[in-house]
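Protein chains in written order, with the working numbering: chain X, 56 to 539; chain E, 7 to 75. Remarks on the structure that follows.
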Amino acid sequence: MIDATADCVAISEAVRRRVVRASDLVEACIARCRAANPRLNAFTEVTAERARAEAAAVDRTLEAGGDPGPLAGVPYAVKNLFDVEGLVTRAGARITRDDPPAQRDATAVHRLREAGAVLVGTLNMGEFAYDFTGENAHDGPSRNPLDTQRMSGGSSGGSAAAVTAGLVPLALGTDTNGSIRVPASLCGVFGLKPTFGHVSRAGTFPFVASLDHVGPLARSPRDLALIYRVIGGPDPRDPVSREIDSGACGLEAFDAAAPRVAVADDYFDVSDLPEAARAVAAVAGALEAGDRSVTVPDAWRARAAAYVITAVEGAQVHAANLRSRAGAFDPDVRDRLLAGATVPASWYVRAQRFRRHYVERVSALFESVDVIVAPATPCVAPLLGQKTLIVGDAEVPLRPNLGLYTQPISFAGLPVVAVPMDTGTALPIGVQLIGPPGSEATLVAAAERLLRLGILHDPDDGIDVAPAGSVENRPVAQRTAEGD
Amino acid sequence: LPRKIVPPKPPGFDAEVWLDATAPALGLNIDPDWRHGVLAHLSVAAAMAALVAETELDTRVEPAPVFRS
C-alpha cells in the first residue's frame, strides 16, 4: 500500500509499474494536506488544480507507453519563497502579497516537474528566511507534528512539518545558515544542504546571495540522493551554479567502502547538552569513528563572519522597503534588517576575506577524514514562543543560537546530510554528517548505513495515518474496471 | 562556551552614536519602539565583527565571492 509513510522512490516505482495511478495518489495527498493543515499550519497554499493536471499528465504518459521520469507521480511541496508560475512568491512576508504572480517556475521546481513530480502546494516559512524557529508574525507558526505546541524550526519550518506529518514525501527548502538542517533536526526528518552552487537558486526569493543554498527534506536517505540528482547541476540563471557528479550519487554508492569518520570537537563539543551529546555519540559509534576527532579551525569566527555577511546582504535585499515601510516587516526580522542596513563596509569585506581564509583551512581537514560528525541543533524542539535556551549554567537567546552548529558549516559551503536521532522522548534531534565539497554521495551513503543499522529516529512517528491518506496498490486496469 | 555564544563587546564602538549618525544618512527611520531591538542587534554585529577582526589576514587574501565574466 502506498500511504503517508512511503518515500519518493517507493511512490515512483509504484506509479511507473502502474500499480497505482498518479491521479489517485494526488487526490489522497490533497485530502491529507487539507485535513492536517488547520492543526499544523504547514501549507500556505494547496495547488490542487496544478497538482491534478500534473498527475494526469504523468498517467497519460504511462498509458501511452512513455517515461514520465524518475519521480513519476511523487507529490511534493515547496517553501513559499520558490517561484511557482501563477502564484505570488510570498517569502513568508506581508510586504510581498501585492507582488505580481511569478511568470515561471523556479529552476528546481521546473526540474522536479520535468522528472514527473507533482506540486501540491507552497509552505509556511520564517519571514524572508531570517529565522530558525518556524514562527511567523503574519501567517502564524508552522507547528511541529510531533508536538504541536513546539517549534518546527526554521526557516523551512513548513517544509519539515509537511514531510514529518506524511503530507508529502518531499519538500524543498533553503538553507543560508541552517534553515534546512535546523527544522530537519527539530521535526525528525532527513535534510540535505548540498555543496554551495550545486543546486540552482534561480527563481527563489533571495536572502543572502553569498550563502543561500537550495535542498530537499525527505523521509529517506535514498530520496535525498534521487532529488539531488534531479535538481542539481549548472543553470545559466544562477551565476554560482556548477556541474555536479550526479552519477556518483546513485543508490550503488550505498555499498561503497566505509568512510573515515571523525567527531568535531572544541566549538562543537556538546558535553553540556545531553540530548545532542548522546545523538552525536551514537552516530559516531555506528560509523566507527573510534576516538578520532577533528577541530574545525576558527568555527566561532566563522559563525561571526556569517552573521555579519547575513546582516549586510539580507538588509540590502530589502533596502527600499526598510526606508519606506519598515513597519510592515515581522518585528523579529525588521530590527535585524535595520541594524544590518547600517553595518559598515569594512566589517563586511573583512568577513568575506575571512571566509576565503577559513575555507582553505577547513579544506585541509578532509585530507585525513571523509565525514565529520557534529550536532545539528543544541536542543530538541523548543516550545512555541520560547525566547531563551539553557546551555550548561548559561541562559542564552534561543533564536540565533538554534543555528549555532549549522552556521560555521554552511559558511564553508560544505555539503551536509542531517539525520534524525531518537532522544528517549517523543522529540528527536538531528546530527550533521559533513563532507568536503562534492561528497554528497558519501554523506547519503553514511546516512543509509545508519538507517540500515536501525539507530535512527523513525520518521513514521510523526504521521497521522488518516483513511483519506492511503491508496491501495491495485492494478490500474482493475480499478478502472471497477469504476473508481 | 559563553565566548562561543556571546562574543565579547568590542571596545570603541558605541552603537547608539553609530545608529543616530547613519540611520538618517541612509534614509532609515528608527521608530522609538524599535530602537532597543535595533541597537541590540547592531551591538551583536559589532561584537561578531570584532571577533572576525582578531584573525590576522595576509594582505593578498581575496574576498570569497568570485566573479566570472
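We treat Cβ as the ideally placed atom computed from N, Cα and C, and that holds for glycine.
**Study point:** Beta carbon proximity, V23 (chain E) to chain X, threshold 8 Å
**Key:** Here residue 23 (chain E) refers to the residue found at position 17 of the second sequence. Output row for V23 (chain E): interface = no.
Review point. Going straight from the alpha carbon of C63 (chain X) to that of V474 (chain X), what length do you get?
Key: As a first step, residue 63 (chain X) is located in the first sequence; it is residue number 8 there, counting from the start. As a first step, residue 474 (chain X) is located in the first sequence; it is residue number 419 there, counting from the start. Computed Cα separation, rounded: 17 Å.
Practice item. Give me whichever residues DSSP pairs with P224 (chain X) in a beta bridge. Key: Counting from 1 along the first sequence, the entry for residue 224 (chain X) is found at position 169. In DSSP, P224 (chain X) forms no bridge with anything.
Review point. DSSP on Y283 (chain X), reduced to helix/strand/coil?
Key: Residue numbering aside, residue 283 (chain X) sits at position 228 when the first sequence is read from its first letter. DSSP places Y283 (chain X) in helix when its eight states are reduced to three.
Practice item. Along the beta strand (DSSP E) that carries F409 (chain X), what are the first and last residues, could you check? Key: Working through the first sequence from its first residue, we reach residue 409 (chain X) at position 354. Where F409 (chain X) is concerned, there is no enclosing beta strand (DSSP E), although the alpha helix (DSSP H) it sits in stretches over 400–420.
Check your understanding: Is G171 (chain X) helix, strand or coil when you go by DSSP?
Key -> Residue 171 (chain X) sits at position 116 when you count from the first residue of the first sequence. Looking at G171 (chain X) - three-state DSSP - the assignment turns out to be coil, as it is neither helix nor strand.
Point to revise | Counted within 10 angstroms of its Cβ, other Cβ atoms place F73 (chain E) as buried (16 or more) or exposed | key: On the second sequence, residue 73 (chain E) is found 67 positions in, with the first residue counted as 1. The residue is exposed, with fewer than 16 neighbouring Cβ atoms inside 10 Å.
**Study point:** First through last residue of the alpha helix (DSSP H) which encompasses T497 (chain X)
**Key:** Here residue 497 (chain X) refers to the residue found at position 442 of the first sequence. Segment 495–508, the alpha helix (DSSP H) holding T497 (chain X).
Review point. Which residues in the same chain have their Cβ closer than 6 Å to the Cβ of D293 (chain X), if we skip the five residues on either side of it in sequence?
Key: On the first sequence, position 238 is the one that residue 293 (chain X) refers to. Within the same chain, D293 (chain X) has close Cβ partners S255, R256, A257.
Exercise for review: Could you tell me if S275 (chain X) is buried or exposed, where buried requires 16 or more neighbouring beta carbons within 10 angstroms of its beta carbon?
Suggested key: By one-based count along the first sequence, residue 275 (chain X) stands at place 220. Buried is the call here.
Check your understanding: Are the beta-carbon atoms belonging to V435 (chain X) and T443 (chain X) less than 8 Å from one another?
Key -> Taking the first residue of the first sequence as 1, we reach residue 435 (chain X) at position 380. Taking the first residue of the first sequence as 1, we reach residue 443 (chain X) at position 388. Cβ distance not < 8 Å, so V435 (chain X) and T443 (chain X) don't count as in contact.
Check your understanding: What are the residues of the segment 350–377 of chain X that lie near chain E, defined by any Cβ-Cβ distance shorter than 7 Å?
Key -> D353, W355, R356, A359, A360, Y362, V363, A366, L377
Point to revise | Close beta carbons around R534 (chain X), own chain, < 8 Å, minus the five adjacent residues each side | key: Position 479 of the first sequence holds residue 534 (chain X). At R534 (chain X), the pLDDT of 32 sits below 50, so the modelled position is not reliable; the number obtained from the coordinates is stated separately. R76, D79.
Exercise for review: Mind checking who L511 (chain X) pairs with in its DSSP beta bridge?
Suggested key: Walking along the first sequence from the start, residue 511 (chain X) turns up at place 456. X:M476, per the DSSP bridge assignment.
Exercise for review: Within 10 angstroms of the Cβ of L63 (chain E), are there 16 or more other Cβ atoms? Answer buried if so, exposed if not.
Suggested key: Taking the second sequence and counting its residues from 1, the one referred to as residue 63 (chain E) is at position 57. With fewer than 16 Cβ atoms within 10 Å of its Cβ, L63 (chain E) is classed as exposed.
Check your understanding: How about the segment 316–332 of chain X and the segment 422–436 of chain X: do they share at least three Cβ pairs that are nearer than 8 Å?
Key -> yes
Review point. Given that R333 (chain X) touches chain E, what residues does it touch there, using C-beta distances under 8 Å?
Key: Reading the first sequence from its first residue, position 278 is the one you call residue 333 (chain X). Residues of chain E passing the Cβ test: none, with the nearest at roughly 18 Å.
Review point. Taking just the CA atoms, how far does V363 (chain X) sit from L266 (chain X)?
Key: Here the question's residue 266 (chain X) lines up with position 211 in the first sequence. Here the question's residue 363 (chain X) lines up with position 308 in the first sequence. The alpha-carbon atoms of L266 (chain X) and V363 (chain X) are separated by roughly 12 Å.
Point to revise | Residue environment, D160 (chain X), which counts as buried when at least 16 other CB atoms sit within 10 Å | key: Sequence index remark: in the first sequence, residue 160 (chain X) carries index 105 (1-based). Buried, by the Cβ-count rule.
Review point. Hey, N135 (chain X) and N179 (chain X) are a contact pair by Cβ (cut 8 Å); roughly how many whole angstroms apart?
Key: Sequence index remark: in the first sequence, residue 135 (chain X) carries index 80 (1-based). Sequence index remark: in the first sequence, residue 179 (chain X) carries index 124 (1-based). Yes, they are in contact, since the Cβ atoms of N135 (chain X) and N179 (chain X) sit about 7 Å apart, within 8 Å.
Practice item. Report the three-state DSSP secondary structure of A319 (chain X) (helix, strand or coil). Key: What you label residue 319 (chain X) is simply residue 264 of the first sequence in a count that begins at 1. Strand at A319 (chain X).
Check your understanding: Can you list, in chain order, the residues of the segment 13–43 of chain E whose Cβ is nearer than 8 Å to any Cβ on chain X?
Key -> P13, W24, L25, T28, A29, L32, G33, L34, N35, I36, D37, W40, G43
Practice item. Report all residues from its chain with a CB closer than 8 Å to the CB of D202 (chain X); omit the five preceding and five following residues, and keep chain order. Key: Along the first sequence, read from residue 1 onward, the residue named residue 202 (chain X) stands at position 147. Once the five neighbours on either side are set aside, the close Cβ partners of D202 (chain X) are A436, A481, L482.
Check your understanding: Can you give the beta carbon distance from A226 (chain X) to V133 (chain X), rounded, assuming they're within the 8 Å contact cut?
Key -> The count along the first sequence starts at 1 and reaches residue 226 (chain X) at position 171. The count along the first sequence starts at 1 and reaches residue 133 (chain X) at position 78. Correct: roughly 7 Å between the Cβ atoms.
Practice item. Scan the segment 123–171 of chain X and note each continuous alpha helix (DSSP H) run of 4 residues or more that stays entirely inside, going in chain order. Key: 162–169
Check your understanding: Hey, N456 (chain X) and P492 (chain X): beta-carbon distance below 8 Å or not?
Key -> Here residue 456 (chain X) refers to the residue found at position 401 of the first sequence. Here residue 492 (chain X) refers to the residue found at position 437 of the first sequence. Not closer than 8 Å, so no.
Practice item. Might you give, ordered along the chain, the residues of its own chain that have their beta carbon closer than 8 Å to the beta carbon of V44 (chain E), omitting 5 neighbours on each side? Key: Numbered from its first residue, the second sequence carries residue 44 (chain E) at position 38. Correct list, in chain order: L25, I36.
Exercise for review: Could you tell me the boundaries of the alpha helix (DSSP H) in which T116 (chain X) lies?
Suggested key: As a position in the first sequence, residue 116 (chain X) is number 61, starting the count at 1. 103–118 is the extent of the alpha helix (DSSP H) around T116 (chain X).
Check your understanding: Which same chain residues, not among the five before or five after E537 (chain X), have their C-beta less than 8 Å away from its C-beta?
Key -> In the first sequence, residue 537 (chain X) corresponds to position 482, counting from 1. Because E537 (chain X) carries a pLDDT of 29, less than 50, the predicted location of this residue cannot be relied on, and the following value inherits that uncertainty. If we look at E537 (chain X) and ignore the five residues flanking it on each side, it has no Cβ neighbours.
Review point. Do P196 (chain X) and A220 (chain X) have their C-beta atoms within less than 8 Å of each other?
Key: Residue 196 (chain X) sits at position 141 when you count from the first residue of the first sequence. Residue 220 (chain X) sits at position 165 when you count from the first residue of the first sequence. Cβ atoms of P196 (chain X) and A220 (chain X): not closer than 8 Å.
Practice item. Determine, using beta carbons only, whether A406 (chain X) comes closer than 8 Å to chain E. Key: The sequence position of residue 406 (chain X) within the first sequence is 351, counting from 1. Chain E, which has a Cβ nearer than 8 Å to the Cβ of A406 (chain X), makes this yes.
Point to revise | chain E within 8 Å of H268 (chain X), Cβ atoms only | key: Taking the first sequence and counting its residues from 1, one reaches residue 268 (chain X) at position 213. No, its Cβ sits nowhere closer than 8 Å to a Cβ of chain E.
Practice item. Please classify M56 (chain X): is it buried, with 16 or more other beta-carbons within 10 angstroms of its beta-carbon, or exposed? Key: Taking the first sequence and counting its residues from 1, the one referred to as residue 56 (chain X) is at position 1. M56 (chain X) is exposed by the Cβ-count criterion.
Review point. For a contact meaning CB atoms closer than 9 Å, what does L178 (chain X) contact in chain E?
Key: Translated into positions along the first sequence, residue 178 (chain X) becomes position 123. Near L178 (chain X) there are no residues of chain E at all, since even the closest Cβ is about 27 Å away, more than 9 Å.
Point to revise | CA-to-CA distance, G212 (chain X) to T250 (chain X), given in whole angstroms | key: Reading the first sequence from its first residue, position 195 is the one you call residue 250 (chain X). Reading the first sequence from its first residue, position 157 is the one you call residue 212 (chain X). Those two C-alpha atoms are separated by around 21 Å.
Review point. In whole angstroms, what separates the C-alpha of Q462 (chain X) from that of A381 (chain X)?
Key: If you number the first sequence from 1, residue 462 (chain X) lands on position 407. If you number the first sequence from 1, residue 381 (chain X) lands on position 326. Using only the alpha carbons, I get a separation of about 27 Å.
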